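In our numbering, the protein residues as written are 1 to 426.
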């Protein structure tokens, strides 16, 4: 899962190796109690899915997950702490739900370095590009309602798009439009970092992208691009007949019962929330980001959620099935979402606003001060959610990916989550 809205100048995923942590996957774990623990009894599991699942690009289709015995739990504790130490992560919450094999919910470190307030699983967090899964789900709802078609040209909904008569909604959702990524534009980076609390409109964001030439003909290859999702947000508004935040709430969040997930319209951040820390600043120095305005990310990365809502969402977005067993997205449309085409990373495919990385289906998210990872493993009906309060890379790797890889090496060795990313030229 790529960094998406996180690193403002970062490019698409790549197969290039990145700096790795020396995290043990066997042997004794570090000692000490986690900040917060909840048991499986407090987290009800949704019913099993009956939705069809397309073939996964996983290199190890057999696999499964290990039982979360006390020894495995201690091993996870130690591994998470080691990633925190080496990547200098202030605070992290991890949720792992494995039906029949146990539940692991832990928070480590601090939510705010200024007062030492501990990290906890109930905190609101900015989730960055996990927003894409909600935006594309809204689009797929409109497809099911007959109000939009995946092969419609974006020019039918948004005027002024370069090649808009040839770029389809499917190609935008699948990151194959060929449009320039506005977050890589130097002028945008300067405008944002000079005043992180300023509001941006979708049209202002598109203007940064459209002054650059198209990179390649639509459909030719995969290229991760936030511009695509801004356009889809405008398409959802046009076809849905209401502001995108209202359509997402009414058609996606409410049916799924996600009461702690929201699409903010400004810098307001409900409490309690963690403070965020980033070095994506005008000076390069680390700054607090909780009060920054996420409008620059809009339908590509502005949303807010918490650990338990993302637990529910992981399975819902991967299957198209709501917690009560009814369908959110029709099986035929869900099948199109999960038809993942190759990316530049072996073992990773991208469908419509969703990744499949070695069998783990979902997305990650990153924007200044926060990172997240929400994935579901259909082979074991297992869910992994990671939320942390920094986006500062460690040796070129995103901390959310470091946690995802270290955890899955322990619990699902046949399905190890790994998605390297490269910084773009500055």
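Where is the CB? At the ideal position from N, CA and C, for every residue including glycine.
None of these values were measured; they are calculated from a predicted model.
Rounded to a whole number of angstroms, what is the C-alpha to C-alpha distance between residue 408 and residue 160? 44 Å
For residue 111, which of helix, strand or coil comes out of DSSP? strand
On the DSSP letters alone, give me the boundaries of the beta strand (DSSP E) that residue 386 sits inside. 382-388
Taking 8 Å as the cut-off, decide whether the C-beta atoms of residue 106 and residue 80 are in contact. yes
Are the beta-carbon atoms of residue 173 and residue 352 separated by less than 8 Å? yes
Return the chain-ordered list of same chain residues with a C-beta closer than 7 Å to the C-beta of residue 413, the five sequence neighbours on each side being excluded. none
Are residue 97 and residue 259 touching if we call contact CB-CB under 8 Å? no
In angstroms with no decimal places, state the Cα-to-Cα distance between residue 243 and residue 230. One C-alpha to the other measures close to 13 Å.
Between the alpha carbons of residue 405 and residue 238, how many angstroms are there, rounded? A direct Cα-to-Cα measurement between residue 405 and residue 238 gives close to 39 Å.
Compare the beta carbon distance of residue 150 and residue 126 with 8 Å and say whether it is the shorter of the two. The beta carbons of residue 150 and residue 126 sit no closer together than 8 Å.
Once the 5 residues before and after residue 254 are set aside, which same chain residues still bring their CB inside 8 Å of it? Around residue 254: no qualifying Cβ.
Closest Cα partner of residue 389 within the set 118, 251, 72 and 65: 118
Starting from the N-terminal side, write out each stretch of the alpha helix (DSSP H) that is 4 residues or longer and does not extend beyond the segment 129-162. 131-144
Just mark residue 381 as buried or exposed, buried being the case when its beta carbon has 16 or more other beta carbons within 10 Å. buried
Residue 375 (DSSP reduced to helix, strand or coil): In this structure, residue 375 counts as strand in the three-state DSSP scheme.
My output table needs one value for residue 235: the three-state DSSP class, helix, strand or coil. Helix.
Is the segment 260-276 in contact with the segment 288-307, if contact means three or more CB pairs nearer than 8 Å? yes
Using the rule of at least 16 other Cβ atoms within 10 Å of the residue's Cβ for burial, across every protein chain shown, is residue 418 buried or exposed? buried
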